[in-house]
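In the UniProt record's numbering, the protein residues as written are 1 to 81. Yeah, the Cβ is synthetic: ideal placement off N, Cα and C, and Gly gets one too.
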């Protein structure tokens with residue numbers, strides 16, 4: 001059985017369902033996002049939401065690494081003088 005790709009209305013419903021329990025920006029335009037995701041399957045949308053949900057964690061890790069790098073550079077610089 002061949003199942004076609006979801007239309008924009010269904011992609012919007014899928015996105016709303018997937019993100020229902022997440023804290024999302026009130027300005028998020030689900031319709032616009034669904035339109036941009038033309039050609040995405042339900043599984044693709046789920047993967048997209050999963051990847052995006054990890055973004056704040058990755059950003060935090062990058063910030064901590066940068067702080068650590070800056071701190072170690074400062075320590076090395078101060079020891080050299």
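In the three-state DSSP reduction, residue 56 falls in the helix class (H, G or I). Counting along the chain, the unbroken alpha helix (DSSP H) around residue 33 starts and ends at 30–36. Taking C-beta atoms as the reference points, residue 45 and residue 11 count as a pair closer than 8 Å. For residue 8, the enclosing alpha helix (DSSP H) begins and ends at 8–18.
Going by C-alpha positions, residue 30 is about 24 Å away from residue 58.
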